[in-house]
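Residue numbers (my numbering): 12 to 614.
The structure appears below as C-alpha cells.
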Ligand code: ADP
C-alpha cells in the first residue's frame, strides 16, 4: 500500500466514500449535511451579524425596539433549530451511522467470500484484509465527523470572510499569508502519522494474537496444562509493545516538532499578534475603524481562523483516512482468480472424476502435490491414505476448486472443472473437512447452512440427516431439539457439543444435501472406534449409489474401498484394493501392520 497519497488520490477516496454514503443512506446524508451547515450559519448570525447590528444601532443611537425585535426573531429561530438538531443527534445520526456501517461491512464480507483461499496465505493481502475489516467503522466515523464538517466549516469560514471583506478587507491579508504555511505543515505532519501507523500495524497484529490466546476458550485448557505458554505469550506481548513504543518514540519527536511549529508558533504567536496589531493600528492610529467594526472584524477573523483551523485539522484526518479508504478499496477491488471459464452448469447425476498429472504448491518452488493421476468412476468408493503432510487434504482442496492446480487438470463429468460455474460446482460436492466449523446458530441452521429448503419436510429432513449421522437428538441437554443454539456464548440454554458430536453435525450437513459426489476428510477422527465403525457402516449404506472419496488415517475404515491410493510426499506411491496392497507388501502393508489389532475387536 502507498504510505501517502497525492491530493488527487485523496480527493478520489473522498469522492468514493461520499458517493457510497449518499447511495446507501441518501436521506440521512442530506439531513447530516443540512445540520452541519445550519450550525455554522446560526453561529455566524448570532455571534457576528447580530453583534455588529446591535453595536451599530447603539453607536448611532438608533431605536431600541428594532434591536429587541431582531433579537427575538433570532432567538426563536435558534430555538427551533436546537429542536431539529436534538432530533438529528438522538434519532437520525445513530441510525444512519449503523446503516452505513452495515452497508460497508456487507461489501467487505461479500468480497471476503469471493476471493481466492490462496489470498489468506499471502501476508500483504492478510494485512489489507485485517485493516479493511478493522477500519471500516472508524473510517466512516472519521468521514462523518470530519469530512462532512469540512463542507460546513467552509460555509462558516466563507460567510465570515465575505462579511469581513465588507467591513474591513485589510484584516483578511493576515490570513492570506498564514494559511498556506499551515497547510504545508499539515501535509508533512500527516505523512508522518500514516507512516507511524503502518509501521505499528504488524506489531499490533502480533500483540492481538497474544491477546486472543488469553481470551479465546479454545486455548483455555491448554494454557492450564502448559502454563509456561502464558509466560511466552506475556513476553511476546511485552516485546511487541516495546516495538510499538519504539515506533511511537521515533515518530513522536517529529510530530511534536510539527505540532509546536503549527499550533504554537504559526497559529498563536504569528497570527494572533499580527491581527491585534493591525486592528489596534487601524482604530487608534489611522482612526478608520469604529468600536463596532473592531469587534465585528475581530469576530470575523476569529471565526474564519477557527473554521480554517478545524478544516486544516480535518484535512490531516482526511488525508490519513483516505489512506485507509484506499486500502479498503484495494481490498474491495481484488478479483478472484478462481473463476469459471464459461459458466457451464454441472450435469445432473453421477459423473466420472479424473485427476490428470496434477502438480500444486502453496508457495512458488515448494511443490506439495506432484504428478497426481487417478480416476474415479461413478458410484466408486475411493480412499486416500498416507501419513500426515503427504498432501491428502491439499488434493481435496483442489477437487473442491478452492485452489487450482499449477499443472495438469481435474475433470468432472468429462469436463475440466474450470469450465463449470464455481459455486454450482462446489455445491455439487458434499464435503466434510477435518477442520470443519460449527457456527453460533441453532443445530438446525448448522445442518442447513446456506440451503434454503423452506419445505414442510424441512425439520424432518434435518432430523433424518442427524439421525443418519448417528447424532442423538434424545440428548437431554438439547432443550429445544434441533432449534437448540450450539453455543453457550450468547444463549444460556445453548450447548457446547463434544468433538465427536460436532463431527456428526458436520456429516449431517453433507447427508442433508444428497449430492452425488461426497468427499470426507477424516470425517470420524473424533469418534471412538466403535462409534466410527458403526457410522461407517451407516455411511456405506447411505452412500451406496454415490461416488465417495474418503480420507482416513485409520486403515480399518478404508479397507472396503474399491481402490485405495497411498500418498507420500505429494505423490501416489501405491494403489489397489486392500487385499492387493497387502499382497504387494509395500508402504500400505507396513502401515496396516502398525495399526493392525487396534480395531480387531470391532472389525
Ligand atoms: P495431509 O492432509 O496429508 O496431512 P496436507 O495436504 O494438509 O497433508 O499438507 C500437505 C503439505 O502442505 C504439508 O507440508 C503442509 O504443511 C502444507 N500446507 C498445507 N496447507 C498449507 C498452506 N495453506 N500454506 C502452505 N503450506 C501448506
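Cβ coordinates follow ideal geometry from the N, Cα and C atoms, glycine included.
For residue i, which residues from the same chain have a beta carbon less than 8 Å from its beta carbon, with the 5 sequence-adjacent residues on both sides left out?
i: residue 110; result: 35, 36 and 39
i: residue 139; result: 12, 338, 341 and 342
i: residue 499; result: 505, 506 and 507
i: residue 580; result: 381, 401 and 402
i: residue 281; result: 189
i: residue 269; result: 196, 199, 200 and 203
Who pairs with residue i in a beta bridge, going by DSSP?
i: residue 442; result: 530
i: residue 558; result: 528
i: residue 393; result: 560 and 574
i: residue 684; result: Here the chain comprises residues numbered 12 to 614, so residue 684 is not present and cannot be evaluated.
i: residue 587; result: 575
i: residue 495; result: For residue 495, which the question treats as bridged, DSSP gives no partner whatsoever.
i: residue 418; result: 370
i: residue 431; result: 355
i: residue 582; result: 579
i: residue 364; result: 387 and 423
i: residue 377; result: 374
Between the C-alpha atoms of residue i and residue j, what's the straight-line distance to the nearest angstrom?
i: residue 515; j: residue 213; result: 39 Å
i: residue 96; j: residue 156; result: 15 Å
i: residue 312; j: residue 254; result: 45 Å
i: residue 94; j: residue 208; result: 40 Å
i: residue 160; j: residue 446; result: 48 Å
i: residue 63; j: residue 262; result: 46 Å
i: residue 381; j: residue 553; result: 33 Å
i: residue 195; j: residue 182; result: 22 Å
i: residue 384; j: residue 408; result: 15 Å
i: residue 271; j: residue 307; result: 30 Å
i: residue 637; j: residue 178; result: A question about residue 637 goes unanswered here, because the residues of the chain that appear run from 12 up to 614.
i: residue 345; j: residue 19; result: 22 Å
i: residue 66; j: residue 286; result: 21 Å
i: residue 449; j: residue 480; result: 15 Å
i: residue 115; j: residue 331; result: 19 Å
i: residue 391; j: residue 378; result: 29 Å
i: residue 176; j: residue 61; result: 17 Å
i: residue 23; j: residue 29; result: 10 Å
i: residue 574; j: residue 225; result: 46 Å
i: residue 369; j: residue 559; result: 20 Å
i: residue 497; j: residue 443; result: 18 Å
i: residue 610; j: residue 565; result: Here the model assigns residue 610 a pLDDT of 49, short of 50, so the residue's position is not dependable, and the following value carries that caveat. Looking at the two C-alpha atoms, the distance is approximately 9 Å.
i: residue 521; j: residue 388; result: 20 Å
i: residue 612; j: residue 544; result: For residue 612, the pLDDT reaches just 43, beneath the cut-off of 50, and the residue's location in the model is therefore unreliable, although a value from the coordinates is still provided. Computed Cα separation, rounded: 11 Å.
i: residue 124; j: residue 310; result: 55 Å
i: residue 548; j: residue 532; result: 17 Å
i: residue 74; j: residue 87; result: 21 Å
i: residue 317; j: residue 235; result: 57 Å
i: residue 108; j: residue 92; result: 22 Å
Which of helix, strand or coil does DSSP assign to residue i?
i: residue 383; result: strand
i: residue 462; result: coil
i: residue 349; result: coil
i: residue 301; result: coil
i: residue 423; result: strand
i: residue 31; result: helix
i: residue 482; result: coil
i: residue 568; result: helix
i: residue 453; result: strand
i: residue 16; result: coil
i: residue 53; result: helix
i: residue 9; result: Since the first and last residues shown for the chain are 12 and 614, residue 9 lies out of range.
i: residue 611; result: Reliability of the predicted coordinates at residue 611 is poor, the pLDDT of 48 falling under 50, and no value is obtained from them.
i: residue 247; result: helix
i: residue 83; result: helix
i: residue 73; result: coil
i: residue 547; result: helix
Kindly list the residues whose CB is nearer than 6 Å to the CB of residue i, restricted to its own chain and excluding five residues on each side of it in sequence; keep chain order.
i: residue 365; result: 386 and 422
i: residue 614; result: Confidence is the limiting factor: at residue 614 the pLDDT is only 39, short of 50, which leaves the residue's position unreliable, though a coordinate-based value still follows. So the list reads 567, once near-sequence residues are dropped.
i: residue 348; result: 127
i: residue 357; result: 431, 435, 436 and 439
i: residue 424; result: 358 and 362
i: residue 130; result: 136
i: residue 488; result: 506
Excluding the 5 residues flanking residue i on each side, which residues of the same chain have their C-beta closer than 7 Å to its C-beta?
i: residue 132; result: 373
i: residue 25; result: 158, 329 and 333
i: residue 303; result: 63, 66, 67 and 70
List in chain order the residues whose CB is within less than 5 Å of at least one heavy atom of ligand 1.
Listed by chain position, these are 132, 373, 379, 399, 400, 401, 402, 403, 404 and 405.
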